[in-house]
Structures are given as C-alpha cells and as structure tokens.
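Participant: Its first residue numbered 1, the sequence shown is counted upward by one per residue in the UniProt record's numbering.
Just so you know, even glycine gets a beta-carbon here, dropped at the ideal spot from N, CA and C.
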Amino acid sequence: MEILISRYFAASERRTLCESLLEKYASPAHEKSVAKGIPMEYVDDIQILFPGKFRYRYRGPSTAGYYRPQSYCHKIVATNFALYVRY
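Okay, here's the thing in structure tokens:
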C-alpha cells in the first residue's frame, strides 16, 4: 500500500521527513545525482515539497514482457528513482 507522507503530516514535518530521505539516499560526491535508490512510494512527496528543484530519473529492472534501453525506464514499472539538480 502506497502511503503519502504529505497526507498525514504538517508541512514542516513533511519537509523534515523528505530531507532525511535525501540524506539517507544521498549519492557519493563524485556522482552527478543528488540522491539515488529512493523507493517509488516517496516520489509524490518529494515532487510536492520540492517543485521544480530536481529532475527525476526512474530506475528499475527489465521484466518479462518489458524490455527497454539500459538508461530508460517508465515511471509505472520503476522500483526506485534518482534525483538530479535542475539547472
């Protein structure tokens, strides 16, 4: 069951929770991404709290019946996502 943090917490608590997610899944300093491997259940919360701040790249394995280029994944079948700074 997908739980949206934004439904259950005040705005300041939501921001704190999302910032802690960004710290937990932070990318190494030598990579371009800000965070990676964030579970898809948090994508809506981060999009609501940080509108226009990041580019979202969806990640996940190819499955039976869904073959894709290595660097491309539909949001519907993604298992996690990465964040990149929007310039």
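Identify, in the order they occur along the chain, each residue of the same chain with its Cβ nearer than 6 Å to the Cβ of Arg57, setting aside the five sequence neighbours on each side.
Facilitator: Ala82
Participant: Rounding to the nearest angstrom, what Cα-Cα distance links Ile38 and Glu23 in this structure?
Facilitator: 11 Å
Participant: Taking the continuous beta strand (DSSP E) assigned at Ile38, which residues delimit it?
Facilitator: 35–39
Participant: Assuming Tyr84 contacts Phe50 under a Cβ cut-off of 8 Å, what Cβ separation, rounded to an integer in Å, is found between them?
Facilitator: At roughly 12 Å, the Cβ-Cβ gap does not stay under 8 Å, so Tyr84 and Phe50 are not in contact.
Participant: Quick one: Cα of Arg59 to Cα of Glu13, how far?
Facilitator: 27 Å
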